[in-house]
Amino acid sequence: MSNLNPETGPFFPRDRSWQPKAYTPDYKTSVVRSPQKALISFPNTISEITGPVFGHNILGELDHDLICNFAKPGESALGERIIVHGRVLDERGRGVPGALIEVWQANAGGRYRHKNEGYIAPLDPNFGGCGRTITNEDGAYEFRTVKPGPYPWPNGVNDWRPAHIHFSLFGAGFAQRLITQMYFEGDPLIPLCPIVNAISDARAIEQLIAPLDMANTIPMDARAYKFDIVLRGRRSGPFENKLEGN
Amino acid sequence: MVQSLNRLKESASQTAGPYVHIGCTPNFLGMAGVYPDDLGHAMVNDKTSGERITVTGCVFDGTGTPLKDALIEIWQADANGLYNSPSELRGSADPNFTGWGRQPTDLETGVFSFQTIKPGRVPFGDGRDQAPHISFWIVARGINLGLNTRMYFGDEEAANQEDPILARLEHKVRVPTLIAERQGDTYTFDIHLQGERETIFFDI
Ligand SMILES: [Fe+2]
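From first to last, the protein sequence lines are chains A and B.
Quick note on numbering that gives the first Met the number 0: the first sequence kicks off at 0 and runs consecutively.
Quick note on numbering that gives the first Met the number 0: the second sequence kicks off at 0 and runs consecutively.
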């Protein structure tokens with residue numbers, strides 16, 4: 000692993016015009032959950048440039064296989080079988096090795112396995128909806144799952160989330176921590192969604208839409224979608240290791 | 000024309016949504032059998048060095064209602080002020096302390112709680128000591144981009160007085176929003192997303 004020479008420089012400042020704003024009233028829940036005062040900036044300290052790192056020893060054999068990791072022996076989840084793969088990169092374009100990725104999603108009918116979920120679409124007894132993996136030395140990862148269905152949610156009278164998979168990512172520093180969602184190429188619900196439209200820059204939205212990747216399909220088994228994720232990059236070089244002030 | 004910087008843009012954040020537990024704390028949700036336990040559930044073990052403490056609180060929205068679907072992660076140094084991270088080059092942290100915890104707020108009450116230890120002091124960029132603190136990251140439905148804040152310790156008045164980050168805050172009246180008061184072994188750190196007592200959030 001490239002952990003032999005761990006990087007400890009400060010991260011590039013976050014581009015907050017690219018990121019969604021906190022207050023996005025078309026997404027109604029954000030109205031009372033958005034801070035209204037200015038964020039306070041300070042230069043990264045050791046508390047921000049370090050972060051937890053996870054070893055492959057935490058992973059079970061089926062953790063990255065949502066088709067099987069909740070299924071009864073010999074059975075599998077219902078739905079369109081897909082591979083979701085890609086790389087975790089940083090803003091410098093380098094692969095991020097050893098990055099823990101956690102995903103969660105609705106089943107093929109748009110139903111989540113959650114206490115607070117009341118959508119009438121049925122649960123799939125063979126689908127839990129969570130998975131995780133850790134990127135390899137190139138930053139590459141792969142999951143197998145079923146394509147989640149769109150689902151209605153209480154916001155407007157008739158708002159539907161586009162099909163999506165939730166992604167949680169750990170880089171090497173706590174300041175890189177990110178949660179986002181992956182959308183699917185061609186979904187007509189994407190431009191209608193108030194959560195998507197919390198992002199104001201169309202290019203930032205496009206970056207969250209995974210294209211169909213026929214080259215990586217498994218013939219007669221599963222189609223593939225490619226989804227690269229970019230975490231904050233950091234400066235690194237001989238002039239950057241003065242953080243201890245000595 | 001000049002050369003391109005060839006930089007990528009950080010992927011845009013999207014809300015963790017109401018079902019974040021499925022992916023991050025499935026055992027808390029009662030979805031047993033996929034992962035042996037929820038990551039970040041235990042920060043300490045029997046051999047961890049340092050003073051055992053509980054950190055608890057609620058996350059309140061602008062109406063004063065506690066969030067019952069938030070997820071909170073904390074990151075802190077060990078008792079000697081070292082982080083359990085490959086990016087920590089100053090020494091080896093306590094192997095019996097992860098430094099990282101993750102807890103959902105309770106689905107009924109909205110209370111979160113961490114069993115941890117009191118962290119040591121770590122340096123600021125210029126070498127001055129920072130006051131002991133715990134970094135917080137809060138995500139939830141309705142939060143488009145995770146919120147960063149810090150908890151400082153109410154019984155560390157002298158250290159807090161000289162903390163370089165607390166010192167640079169212009170509106171001293173807001174400093175108490177970052178300070179958890181101690182009662183016994185428990186520190187209470189309530190987070191207010193909005194309103195008169197809005198917590199100071201950081202752009203880190
Ligand atoms: Fe969702």
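Even for Gly, the Cβ is constructed at its ideal location relative to N, Cα and C.
{"Asked": "Please classify Leu242/A: does DSSP put it in a helix, a strand, or coil?", "Found": "Low per-residue confidence applies at Leu242/A: pLDDT is 49, beneath 50, and the placement is therefore not dependable, though the value from the model is reported in the following sentence. In the structure shown, Leu242/A sits in coil (DSSP, three-state: anything other than H, G, I, E or B)."}
{"Asked": "Considering just the uninterrupted stretch of the alpha helix (DSSP H) at Ile21/B, what are its terminal residues?", "Found": "Val19 to Cys23"}
{"Asked": "Let me know the secondary structure DSSP gives Gln160/B once reduced to three states.", "Found": "helix"}
{"Asked": "Taking 8 Å as the threshold (beta carbon to beta carbon), is Lys68/A in contact with chain B?", "Found": "A quick correction: the sequence has Asn, not Lys, at residue 68/A. It does; some Cβ of chain B falls within 8 Å."}
{"Asked": "Would Ala105/A pass as a contact of Tyr150/A if the rule is Cβ separation under 8 Å?", "Found": "yes"}
{"Asked": "Cβ closer than 7 Å: which chain B residues qualify as neighbours of Arg112/A?", "Found": "Ile21 and Met30"}
{"Asked": "What is the rounded straight-line gap between the Cα of His191/B and the Cα of Lys8/B?", "Found": "30 Å"}
{"Asked": "Using Cβ-Cβ distances below 8 Å, what residues of the region 50–67 of chain A are close to chain B?", "Found": "Gly50, Pro51, Val52, Phe53, Ile57, Gly59 and Asp62"}
{"Asked": "In chain order, what residues of the region 107–137 of chain A put their CB closer than 9 Å to some CB of chain B?", "Found": "Tyr111, Arg112, His113, Lys114, Asn115, Glu116, Gly127, Gly128, Cys129, Gly130 and Arg131"}
{"Asked": "Can you have a look at Gln35/A and say buried or exposed, based on whether 16 or more other CB atoms are within 10 angstroms of its CB?", "Found": "exposed"}
{"Asked": "Give the secondary structure of Pro103/B by DSSP, where H, G and I count as helix, E and B as strand, and everything else as coil.", "Found": "strand"}
{"Asked": "With a cut-off of 8 Å, does the C-beta of Thr7/A fall near any C-beta of chain B?", "Found": "yes"}
{"Asked": "Is there a C-beta anywhere in chain A that falls below 8 Å from the one on Glu87/B?", "Found": "yes"}
{"Asked": "Any heavy atom of ligand 1 closer than 7 Å to the Cβ of Tyr275/A?", "Found": "The requested residue 275/A is not part of the displayed model; chain A covers only 0 to 245."}
{"Asked": "Which term fits Leu4/B, buried or exposed, when burial requires 16 or more other beta carbons within 10 angstroms of its beta carbon?", "Found": "exposed"}
{"Asked": "For the beta strand (DSSP E) containing Glu47/A, list its first residue and its last residue.", "Found": "Looking at the DSSP string, Glu47/A is not in any beta strand (DSSP E); the run it does join, the alpha helix (DSSP H), is Ile45 to Ile48."}
{"Asked": "List the residues of chain A whose Cβ lies closer than 9 Å to the Cβ of Ala15/B, in chain order.", "Found": "His165, Ser167 and Ile178"}
{"Asked": "Any beta carbon of chain E sitting closer than 8 Å to that of Glu47/A?", "Found": "Any reference to chain E falls outside this structure, whose protein chains are A and B."}
{"Asked": "Note the first and the last residue of the continuous alpha helix (DSSP H) segment covering Arg143/A.", "Found": "Segment Ala139 to Val145 is the beta strand (DSSP E) holding Arg143/A; no alpha helix (DSSP H) there."}
{"Asked": "Buried or exposed: where does Lys114/A fall if 16 or more other Cβ atoms within 10 Å of its Cβ makes it buried?", "Found": "exposed"}
{"Asked": "Step through the CB atoms of chain A and report whether any lies within less than 8 Å of the CB of Ala139/B.", "Found": "yes"}
{"Asked": "Going by the CB atoms, is the gap between Lys117/B and Glu50/B shorter than 8 Å?", "Found": "yes"}
{"Asked": "Can you pull the DSSP bridge partners for Lys225/A?", "Found": "His84/A"}
{"Asked": "Candidates Ala171/A, Ile228/A and Ile217/A: which alpha carbon is nearest Ile164/A's?", "Found": "Ile228/A"}
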